[in-house]
Amino acid sequence: MLQVPDDEIAQAFFVPKLCNHCATPACVQVCPVGATYQAADGAVLIDRTWCIGCGYCIMGCPYGVRFFHPVEHVADKCTFCYHRISKGGNTACAQACPYGARQIGNLKDPNDPVTVALMTQRVGVLRDEYGTKPQVFYLGLNKEVR
Ligand code: SF4
Ligand code: SF4
């Protein structure tokens with residue numbers, strides 16, 4: 001039987017990408033009118049009434065998670081379901097996932113299960129070297145996909 005060297009075996013990874021709600025977000029820095037902003041709780045949001053559709057934030061996001069809303073012609077992205085979590089609810093994706101693969105938590109609470117997971121398990125963020133301080137963490141993220 002033909003033996004394939006370990007370094008020639010292809011590996012596939014499934015890594016869902018969403019807005020990282022970065023602690024130092026590049027998108028906020030480049031918005032010329034302040035339409036992209038950081039809420040007091042850290043969520044990165046877009047005020048559609050101020051957005052002029054210049055696209056700077058779409059180019060400025062190093063993760064490529066922003067896009068133009070095709071009807072409203074403003075920048076758009078994942079909001080962490082801010083309309084839900086700001087009222088104590090869960091994100092739609094976390095609620096819908098049958099395996100609990102997505103969890104949202106309060107990192108200021110040391111007893112929050114997400115905080116505990118970050119303290120006790122191997123986690124990684126995407127492109128740490130960009131210095132954007134992503135706030136989306138992946139359990140067991142392989143170095144090959146960071
Ligand atoms: S992932 Fe991109 S759009 Fe989201 S906060 Fe970070 S820089 Fe902004
Ligand atoms: S598209 Fe809108 S949110 Fe993005 S940089 Fe331009 S004005 Fe700001």
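Per our numbering, the sequence shown starts with residue 1, numbered consecutively. The C-beta atom is built at its ideal place from N, Cα and C for all residues, glycine as well.
Let me confirm a value: alanine 23 is counted as buried when at least 16 other C-beta atoms fall within 10 Å, else exposed. Which label applies? So alanine 23 ends up on the exposed side.
Would you please state the rounded distance, in angstroms, between the beta carbons of leucine 126 and arginine 146? I believe it to be under 8 Å. The distance from the Cβ of leucine 126 to that of arginine 146 is about 6 Å, consistent with a contact at the 8 Å cut-off.
Looking at valine 65: is its Cβ nearer than 9 Å to the Cβ of leucine 18? For the pair valine 65 and leucine 18, the CB atoms are nearer than the 9 Å cut-off.
Can you list, in chain order, the residues of its chain with a C-beta nearer than 8 Å to that of glutamine 121? Leave out the 5 residues immediately preceding and following it. Exclusion of the five residues before and after glutamine 121 leaves Leu139 and Gly140 as the residues of its chain whose Cβ lies within less than 8 Å of its Cβ.
Residues near threonine 36 in its chain [Cβ-Cβ closer than 6 Å; skip 5 each side]: If we look at threonine 36 and ignore the five residues flanking it on each side, its Cβ neighbours are Cys27, Val28, Ile46 and Cys57.
Got a sec, what are the start and stop residues for the beta strand (DSSP E) tyrosine 37 sits in? Segment 36-38, the beta strand (DSSP E) holding tyrosine 37.
List the whole-angstrom C-beta distance separating asparagine 20 from threonine 91, where the pair is believed to meet the contact cut-off of C-beta under 8 Å. Contact between asparagine 20 and threonine 91 fails: their C-beta atoms lie close to 14 Å from each other, not under 8 Å.
Output the residue ranges of the alpha helix (DSSP H) runs that lie fully inside the segment 29-110 and measure 4 residues or longer, sorted by chain position. You should have 56-60, 82-85 and 92-96.
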